[in-house]
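So, in structure tokens, the structure goes:
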């Protein structure tokens, strides 16, 4: 049986997983040959929480969009049910997404960080989703909306995972730590690989 992946992306009120919250999540469950389903929802703001103009400008998500969203805990339960126990979670910059999910008691045992994958396969290039997609001709229309980023991440994985495997590069449950972006969260069961900073030119 082919391996099943659940590709995920979160949009949040900010970067600090200890202070901020998820506002949108999208996921696609697939074995890379066929798609088993999609999951996408807005998440209701917690009491006293506001959405900054900066986040609205970045994502296009407004406070009104979130009024009908589900509770963060209900979102986590729904994601666990959607993914099932057999899935490998995949996210670009997985430590970020998994940090927020860990706060809701979702901690997958198996994951792939495509940002780490990109850094390991192309160590002299920028590992940002935008730059990886640009290098490989992957569409990233509507960047910073969860489902658009998920669909792009699937294509990044399709491109780079075979290269890593051909070179014998270990990338499963691997996260990268660098001076330009120090890790603030290490996912469950993760192996940390230290890498030099990306340098332009």
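In UniProt numbering, the protein residues as written are 1 to 201.
Backbone N, C-alpha and C define an ideal beta-carbon position, used for all residues, glycine too.
- Distance between residue 62 and residue 158, taken at the CA atoms: about 33 angstroms.
- The stretch 40-88 is shown to contain whole alpha helix (DSSP H) runs of 4 or more residues at 53-59, 63-67, 72-83, in chain order.
- Counted as a single uninterrupted DSSP element, the stretch harbouring residue 183 is not any beta strand (DSSP E), since DSSP gives it neither H nor E.
- Remark: C-beta atoms of residue 119 and residue 195 approach each other more closely than 7 angstroms.
- Measuring C-alpha to C-alpha distances from residue 67 to each of 58, 45, 77, 88 identifies 45 as the nearest.
- A distance below 7 angstroms separates the beta carbons of residue 10 and residue 97.
- Secondary-structure assignment with DSSP links residue 38 through a beta bridge to 28.
- Secondary structure remark: continuous alpha helix (DSSP H) runs of at least 4 residues inside the stretch 131-175, in chain order: 146-167.
- With a cutoff of 7 angstroms on beta-carbon distance, residue 5 and residue 100 are scored as not near each other.
- The Cβ-Cβ distance between residue 92 and residue 114 falls below 7 angstroms.
- In terms of CA proximity to residue 56, 144 leads the group 186, 144, 179, 184.
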